[in-house]
Amino acid sequence: MDGNGRWARQRGLPRTQGHRAGARSVRAVVEQSVRCGIEVLTLFAFSSENWRRPQTEVSLLMELFLNTLRVEINRLMEHDVRLRIIGDLSAFSEKLQRQVREAERVTRNNSTLILQIAANYGGRWDITQAVRALALEVAEQRLLPEQIDEQAIAARLSCADAPDPDLFIRTGGEKRISNFLLWQCAYTELYFSDLMWPEFDGDAYLAALNDFSRRQRRFGLTGEQVNALAEA
Ligand code: IPE
Ligand code: MG
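In terms of this note's numbering, the numbers along the sequence shown are unbroken and rise by one, the last being 512.
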């Protein structure tokens, strides 16, 4: 979700107003996901690197996060959405951590959409914590080094039980992954929109999904092999 600050600046508003406007796009995209039958939606809300922003902006983002959680919980229940936060939550205030755990608990039996919010998340952090978990298991002799394969690593990543993402969408015109789900995005289709995140509404999201549906995913095979598999 990129471009909140620029969207606000273009309108002569403080960056923080852009973040508030961005919250509306979150609602639109979540609701469109439910309508379209998307099973898992992951939003990159706050990266491990965002702490380096001005203190006032970081505080506003935290406050917005907290308020949105509180206000939106009923809507999540209404739409049967299960919430999960991924990332290193230990850096957040006790209050925010409590609220997050509570929201996850309340929505745990919902199953139409899994909504994952990446907060204080980084793809490298995720791989690092998985590797550390493996090292610990080896040190405690619960695992042999030769048992470490791709599956063993994947199983210890943040969203181990969710499938790898099919589609990655970045708004705001930048064409990079910026430390999002690095391991999980190995075969993900990438989509870049020049719209700023507050402008990215349900229709813009639908356009991205339509673009995705026209792509051929080969996973290393030839186009002919993929066509033959589709016909079989
Ligand atoms: C939102 O957009 C991303 C968040 C960290 C919430 P930005 O704040 O990165 O907006 P730009 O890139 O400065 O326009
Ligand atoms: Mg940005």
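Built from N, CA and C at the ideal position, the CB exists for glycine as well.
Selection from the options that minimises the alpha carbon distance to residue i
i: Met281; options: Gln290, Arg289, Gly298, Leu293; result: Gly298
i: Pro443; options: Ile397, Ser391, Leu321; result: Leu321
i: Arg355; options: Gln379, Thr336, Thr387; result: Thr387
i: Thr468; options: Gln505, Leu447, Met342; result: Leu447
i: Ser370; options: Ser328, Ala508, Ile394; result: Ser328
i: Asp483; options: Leu349, Asn347, Val310, Val380; result: Val310
i: Arg486; options: Arg497, Tyr471, Gly500; result: Reading off the sequence, residue 486 comes out as Leu, not Arg. For the residues Arg497, Tyr471, Gly500, the minimum Cα distance to Leu486 belongs to Tyr471.
i: Thr296; options: Glu343, Arg315, Ser313; result: Glu343
i: Arg381; options: Phe460, Leu363, Arg291, Ala419; result: Leu363
i: Ala303; options: Glu384, Leu340, Val314, Thr392; result: Leu340
i: Asn347; options: Phe326, Leu376, Val361; result: Leu376
i: Arg289; options: Met476, Gln421, Phe492; result: Met476
i: Asp360; options: Ala440, Ala512, Phe345, Val314; result: Val314
i: Asp441; options: Glu319, Ala325, Glu374, Glu420; result: Glu319
i: Asn459; options: Ser373, Thr408, Glu426, Asp491; result: Thr408
i: Glu358; options: Asn389, Ser373, Leu509, Arg412; result: Asn389
i: Arg385; options: Gly403, Arg412, Ile365, Phe345; result: Ile365
Buried versus exposed call for residue i [16 or more other C-beta atoms within 10 Å across all chains shown]
i: Glu352; result: buried
i: Thr336; result: exposed
i: Arg307; result: exposed
i: Trp331; result: exposed
i: Asp406; result: buried
i: Phe499; result: exposed
i: Gly283; result: buried
i: Gln379; result: buried
i: Ser391; result: exposed
i: Gln396; result: buried
i: Leu393; result: buried
i: Val461; result: One point to set straight first is that residue 461 is Leu, not Val, in the sequence displayed. Flag for Leu461 reads buried.
i: Ala325; result: buried
i: Gly292; result: exposed
Close beta carbons around residue i, own chain, < 8 Å, minus the five adjacent residues each side
i: Leu414; result: Leu423, Ile428, Ala432, Ile433, Arg436
i: Leu323; result: Met281, Val306, Val309, Leu395, Gln396, Ile397, Ala398
i: Asp250; result: Only positions 281 to 512 of the chain appear in the structure, and residue 250 is not among them; the question remains open.
i: Val338; result: Asn330, Trp331
i: Pro425; result: Val418
Sequence-distant residues of its chain with Cβ nearer than 6 Å to residue i (five each side left out)
i: Ala410; result: Ile433, Arg436, Leu437
i: Gln505; result: none
i: Gly367; result: Ala398, Ala399, Asn400, Tyr401
i: Ala301; result: Pro478
i: Phe480; result: Ser305, Thr451
i: Lys455; result: Phe472
i: Asp474; result: Gly453
i: Leu349; result: Gln379, Ala383
Chain D within 8 Å of residue i, Cβ atoms only
i: Phe460; result: Protein chain content of the structure displayed is limited to a single chain, and chain D is not contained in it.
Contacts around residue i, its chain only, beta-carbon distance under 7 Å, and the 5 residues preceding and following it disregarded
i: Gln496; result: Gly503, Val506
i: Cys465; result: Pro445, Phe448, Ile457
i: Leu489; result: Cys316
i: Pro513; result: For residue 513 there is no data in the structure shown, the boundaries of the chain being 281 and 512.
The ligand IPE site residues, beta-carbon cut 7 Å against heavy atoms
Met281, Asp282, Gly283, Asn284, Gly285, Arg286, Trp287, Arg295, Gly298, His299, Gly302, Ala325, Phe326, Ser327, Asn330, Leu341, Gly452, Met476, Trp477
Residue ranges of each alpha helix (DSSP H) run of no fewer than 4 residues wholly in the segment 319-387, ordered along the chain?
335-358, 374-386
3 or more residues per run - each beta strand (DSSP E) lying fully within the segment 468-498
469-472
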